[in-house]
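Okay, structure first, notes after.
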Ligand SMILES: Nc1ncnc2c1ncn2[C@@H]1O[C@H](COP(=O)(O)OP(=O)(O)OP(=O)(O)O)[C@@H](O)[C@H]1O
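Numbering (this note's numbering), first residue to last: 24 to 392.
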């Protein structure tokens, strides 16, 4: 679905920077747009600047450079700072920040005092149904589960019909099952209400399942801004490749317009000159194993993950790669194997690989320098 076609953006960030201390920017030169009805995820490791960007959009944080426009109106620049209450933004945080002394229906109606009682009731009724809270309207927050409290926080934010809804790690206080259900429900609710939303998360699965587009951040900078599929299959930096899923990096060299590596040949997608040293990024789902007597590669370990087995494989050079097989494909550690590489996209990076600031040092597998 091309949500952007023919529409001006609801939100436009142009080269924004923010600093909490002089000359130490927390985020730098961020440019991105969000269109009507679109769900954007800001994804990145702790401290990369996700919350700072959200706070700048909400008008809690000044920007030191660039501009922020909402529905075509300039709301932040070095000289302009439109107050939060004039931005018509809804917010849902990790802590649901409900009013403990107010029942569910009053919490939802909290910002609606400018409307008549019947108008308030109509909106609250609608939202109770939409968020699945019907029957709980007379309870106090402490009489609700975490998931139900989060729904009240959502309903309260949506009651004001914000032009943009900001969600800061909204599922982080929920257990995994509840978080997964809430993700699906939230996605359906945002679509149903045609709400434009920005969701902050450090969980790539969450970003992929929720977002139309994902902005991957690293150390205050935007590394890639694209669809979830492009971010996963065609990452533009080693950091993104490694942060959004398991990735192995295999040395190769361009010869006769193909990249030759220890696990086979790949297209020279970047048209690099013969002799250029590169690194090929491979995902476990690109590699399949075929037990083969006398083969040089062998299985070092198997990790059962329920729906798949992830095998750690050692190549003759000592390089480690990973292969994802079905949950029923079980091979013993030590089995000699041949590799079948079926990469739908070839992703090449310059050699040597730049430092990727990995989230987990044991996670990927960079080649030796
Ligand atoms: N009030 C503050 N004063 C000084 N530095 C701050 C302040 N808030 C955040 N920072 C710094 O700004 C940078 C970005 O922080 P931010 O909270 O935006 O990151 P984040 O990606 O949201 O992290 P997390 O996922 O841990 O919430 C970090 O280096 C952080 O230490």
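Just so it is clear, CB atoms sit at the ideal spot from N, CA and C, and this is done for glycine as well.
Note that this is a predicted model, so its numbers are computed, not measured.
- Rounded to whole angstroms, residue 363 and residue 312 show a C-alpha spacing of 6 Å.
- Under the Cβ criterion (8 Å, minimum of three pairs), the region 96-106 counts as touching the region 76-87.
- DSSP places residue 201 inside the alpha helix (DSSP H), whose first and last residues are 199-215.
- Proximity of the region 63-81 to the region 180-190 meets the contact definition, three or more beta-carbon pairs being nearer than 8 Å.
- Taking a 10 Å sphere around the C-beta of residue 46, we find fewer than 16 other C-beta atoms and assign the residue as exposed.
- With a cutoff of 7 Å, residue 67 counts as near ligand 1, since its C-beta is closer than that to a heavy atom of the ligand.
- Inclusion of residue 304 and residue 272 in the CB contact set at 8 Å is warranted, their separation being smaller than that value.
- If you draw a straight line from the Cα of residue 69 to the Cα of residue 40, it comes to about 18 Å.
- Distances from the CB of residue 225 to the heavy atoms of ligand 1 include at least one below 7 Å.
- 8 Å or more divides the Cβ of residue 372 from the Cβ of residue 193.
- Annotated as proximal: residue 185 and residue 113, with beta-carbon spacing under 8 Å.
- When distances are taken from the beta-carbon of residue 71 to the heavy atoms of ligand 1, the shortest one is below 7 Å.
- Of 143, 162, 31 and 225, the smallest CA-CA separation from residue 121 is found for 162.
- Here the region 338-356 lies against the region 305-325, with 3 or more beta-carbon pairs under 8 Å apart.
- Between residue 340 and residue 285, the C-beta spacing is below 8 Å.
- In the DSSP assignment, residue 262 falls within the unbroken alpha helix (DSSP H) covering 261-266.
- When DSSP reads this structure, residue 41 sits in a beta bridge with 50.
- Exclusion of residue 278 from the 7 Å shell around ligand 1 follows from its C-beta lying no nearer than that to any non-hydrogen atom of the ligand.
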